[in-house]
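Residue numbers (our numbering): 1 to 125.
Quick reminder that beta carbons are idealized off the backbone N, C-alpha and C, glycines included.
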Amino acid sequence: MADAADAILVCAADAVLEGGRGVRFPVSAGGEDGTGFVVRYGGRVFGYLNRCAHVPIELDWAEGEFFESSGLYLMCSTHGAIYVPESGFCAGGPCKGGRLRPIAVEEREQNIYWQPDDYVRPVRA
Ligand code: FES
C-alpha cells in the first residue's frame with residue numbers, strides 16, 4: 001500500500017464545489033493515457049477514472065461537467081448513464097450492473113490529492 005507521500009496534487013480544495021464542476025487530472029490507466037476526476041458531494045470529495053462503464057469513453061460533455069441537472073448523480077454525456085456519486089455504482093441507463101472505477105482522493109490542508117494504485121498510475125513525463 002502506497003503511503004501519503006505518493007499522493008499527487010489535483011487542485012485547491014475550494015476549486016471543487018458541492019455538486020458543481022469536477023476537476024480532471026491526467027492518469028495512466030492500465031498503461032493507457034486517460035483522465036481521472038474529482039467531484040464534491042455531501043461535503044466529501046470522490047475520485048473516479050473518467051471512463052464510462054457502458055463504452056469506455058470520458059463522461060463529461062463539457063470539461064468538468066459530471067453532475068446531471070438535479071445535482072444528485074454523475075451522468076455520462078454520451079448515452080445518459082447515471083452513477084451514484086459516493087460509490088460510482090450505476091443508478092440507471094446503459095451502465096447496468098457497472099461501476100465507475102474509484103480513485104482514492106483526499107482533502108488535506110486546503111488541497112485535494114489523488115493516490116495512485118496498481119492500475120491507475122501517474123502519467124510519466
Ligand atoms: S458511453 Fe456512457 S452511457 Fe454510453
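Residues that DSSP places opposite W114 in a beta bridge
I8, V105
Considering Cα atoms alone, identify which of Y48, L9, E65, A29 is closest to R99.
Y48
Unbroken beta strand (DSSP E) run spanning A62, endpoints
Premise fails: A62 is in no beta strand (DSSP E) and is neither H nor E.
Below 8 Å, how does it come out for the segment 52-61 and the segment 75-83: are there three or more Cβ pairs, yes or no?
yes
For the beta strand (DSSP E) that contains P26, what are its first and last residues?
23-29
Would P85 be called buried (16 or more neighbouring beta carbons within 10 Å of its own) or exposed?
buried
Give the straight-line distance between the Cα atoms of Y119 and G31, rounded to the nearest whole angstrom.
8 Å
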